[in-house]
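Trainee:
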Amino acid sequence: MSRMPVVAVVGRPNVGKSSIVNRILGRRMAVVQEDPGVTRDRREFRAEWVGREFLLVDTGGWELNPSEELVAAISAQAEAALGAADVVLLVLDATAGITADDAQVASLLRGAPNEVIVVANKVDGPRQDVDTADLWQLGLGEPMPISALHGRGIGDLLDRVVAAFPEDVGKTHEDLQTLAIIGRPNVGKSTLLNRLVGEERVLVSPVPGTTRDPIDAIVELGERRFKVVDTAGIRRTPKVKDPADFYSVLRAKGALEEADVALLLIDTVEGVAQQDQRIAQAAAESGAGLIVLLNKWDAADLEQRETVTRDVADRLQFVGWAPLLRVSALTGARLHRLAPAVDRVLESREFRIPTGTLNRLIRQWQASHPPPVRKGRRPRILYAVQAGTSPPTIILFVSGNEPGVDYLRYLENRLRAEFGFEGTPIKIFARRRKGRSG
């Protein structure tokens, strides 16, 4: 299996890098807003053009003489992406001409081993093509005029990108399962991703909310490779006032919907907050598997450890089926337990109960503990079938009224006691059988 080629999108802030990425992907993924530096971390997306797959890397703005610490880190991220790239797209604002930063970046790229393509953005029509003439003096070959806003020239650009790929990469690639790192802001999500990847892949800053977009990375856990998504801290949407933060919250929830397993980080020192409960509830409702990680365990004293353990059992009892790991993302302590836990959760998500076994057990449980009478009639389960996996989904065909939520929870608990189902929600639905009165 050959690796995927890497295409890095670099340039100074606010020239349209994220807009180009979104246009290539065909969906709004990177945060796009008219503020320099909105894209704070480099992000990787799987993309495809004419049958060739590649990793598209969206970087933070590249400033060679940054004045702020965070801007310096963003520039370092862009440089790291450049080092891993097969093809570099140097994006410039054709309407602004060549700036001092553009010229300095170009001088560095002229000596790089990568294939470099100058992308002249904001060329909305043939009349603006003249704006690209000055870009020849960068010494990086023919500029490609495009408009990320209108889609003009994107196909021609991708043709040139794919033609530049080395012959031995990008032909095949595995489908990867997804892990989503979730939690409230500043609990160590980015630190965990960096620990798993083995490099400073995501900005780690004391400024709350540094991670805005879901950050994708490919990591190895045990014998498997996963796509890992580090999401922005999930806040209550009504309190999000910054439009970029608003889009990021939605994207974090979207990443949770697509995840196979969610890793919920809780700050051991601060304990379980109401926000942790909401996030755990969102994870359970999404259908993803769930593992709870008590982060910063080594930094907590004995009283804090006892308190958080007690609070998890009490305040997160509704996801008591999730494995609980005590770890330190900063030092890596006890993270060797994560891979086996993920394997167990994935196995549980794919487990299927034979129909005969399921119905035999349902009959036994119903006989020993019948559903309570509802609206004057006692529900009766006639038949059950497991309709799906990931997560396990059970359909009950009933006569009379449908069983209440408490009875469905009773059945879920019996199923867990019988089969385990560690780390995965179980969906149970009741359907009234048509044409039968019971």
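All you need for the working numbering is the position in the sequence shown, starting with 1, plus 37.
C-beta atoms are modelled at their ideal positions from N, C-alpha and C, and glycine is treated no differently.
Nothing here was measured: the structure is a model prediction, and the numbers come from that model.
Buried or exposed, going by whether 16 or more other CB atoms sit within 10 Å of the CB of serine 34?
Mentor: The structure shown has nothing for residue 34, since the chain only spans 38 to 475.
Trainee: Considering only their Cβ atoms, is the gap separating isoleucine 316 from threonine 268 smaller than 7 angstroms?
Mentor: The answer is no: Cβ separation not under 7 angstroms.
Trainee: From arginine 414 to alanine 370, what distance separates their C-alpha atoms?
Mentor: In a straight line, the C-alpha of arginine 414 is about 55 angstroms away from that of alanine 370.
Trainee: Should alanine 217 go down as buried or exposed, given a rule of 16 or more other Cβ atoms within 10 Å for buried?
Mentor: Result: buried.
Trainee: One question on the structure: do valine 306 and alanine 325 come within less than 7 angstroms of each other, judged by their Cβ atoms?
Mentor: Cβ atoms of valine 306 and alanine 325: not closer than 7 angstroms.
Trainee: Since valine 298 contacts valine 410 with CB under 8 angstroms, what's their CB separation in whole angstroms?
Mentor: That belief does not hold up - the Cβ atoms of valine 298 and valine 410 are roughly 39 angstroms apart, past 8 angstroms.
Trainee: Given that a residue counts as buried once 16 or more other Cβ atoms are within 10 Å of its Cβ, and exposed if not, what is aspartate 351?
Mentor: The residue in question, aspartate 351, is exposed, as its Cβ has fewer than 16 Cβ neighbours within 10 Å.
Trainee: Taking 8 angstroms as the cut-off, does the region 371-391 touch the region 337-348 (at least 3 CB pairs, one atom from each stretch)?
Mentor: No, the region 337-348 does not touch the region 371-391.
Trainee: Give the range of the alpha helix (DSSP H) segment to which alanine 217 is assigned.
Mentor: Where alanine 217 is concerned, there is no enclosing alpha helix (DSSP H), although the beta strand (DSSP E) it sits in stretches over 214-219.
Trainee: Quick one: Cα of proline 243 to Cα of asparagine 223, how far?
Mentor: With a pLDDT of only 48 at proline 243, under the threshold of 50, the placement of this residue in the model should not be trusted, and no figure is reported.
Trainee: Give me the residue from Asp196, Ser55, Glu152 with the minimum Cα distance to glutamate 90.
Mentor: Selected option, being the one with the closest Cα: Asp196.
Trainee: Is proline 42 near aspartate 171, with beta carbons less than 7 angstroms apart?
Mentor: Their beta carbons are not under 7 angstroms apart, which means proline 42 does not touch aspartate 171 by this criterion.
Trainee: Only counting the same chain, and skipping five residues up and downstream in sequence, which positions put a Cβ closer than 7 angstroms to that of leucine 287?
Mentor: Because leucine 287 sits at a pLDDT of 45, beneath the cut-off of 50, its placement in the model cannot be relied upon, and the point is left open.
Trainee: Taking a contact to mean a Cβ-Cβ separation below 7 angstroms, would you say alanine 201 touches proline 182 in this structure?
Mentor: Their beta carbons are not under 7 angstroms apart, which means alanine 201 does not touch proline 182 by this criterion.
Trainee: Tell me the rounded alpha-carbon separation between arginine 363 and leucine 331.
Mentor: Approximately 5 angstroms, taken between the alpha carbons.
Trainee: DSSP on isoleucine 316, reduced to helix/strand/coil?
Mentor: Correct three-state label for isoleucine 316: helix.
Trainee: Checking 7 angstroms against the spacing of the C-beta atoms, do valine 356 and alanine 321 come in under that value?
Mentor: Going by C-beta atoms, valine 356 is nearer than 7 angstroms to alanine 321.
Trainee: Cutting at 8 angstroms between CB atoms, please list the residues of its own chain near glycine 188, excluding the five before and the five after it.
Mentor: Counting only Cβ-Cβ distances below 8 angstroms, and skipping sequence neighbours, we find Arg60.
Trainee: Verify whether the separation of the beta carbon atoms of leucine 92 and glutamate 81 is less than 7 angstroms.
Mentor: Contact flag set, yes.
Trainee: Could you name each continuous beta strand (DSSP E) segment of 3 residues or more that falls completely within the region 119-161, going from the start of the chain to the end?
Mentor: Whole beta strand (DSSP E) segments, 3+ residues: 124-130, 152-158.
Trainee: Please report the distance separating the alpha-carbon of lysine 333 from that of arginine 347.
Mentor: Taking the straight line from one Cα to the other gives about 16 angstroms.
Trainee: Report all residues from its chain with a CB closer than 6 angstroms to the CB of isoleucine 390; omit the five preceding and five following residues, and keep chain order.
Mentor: So the qualifying residues of the chain are Gln423.
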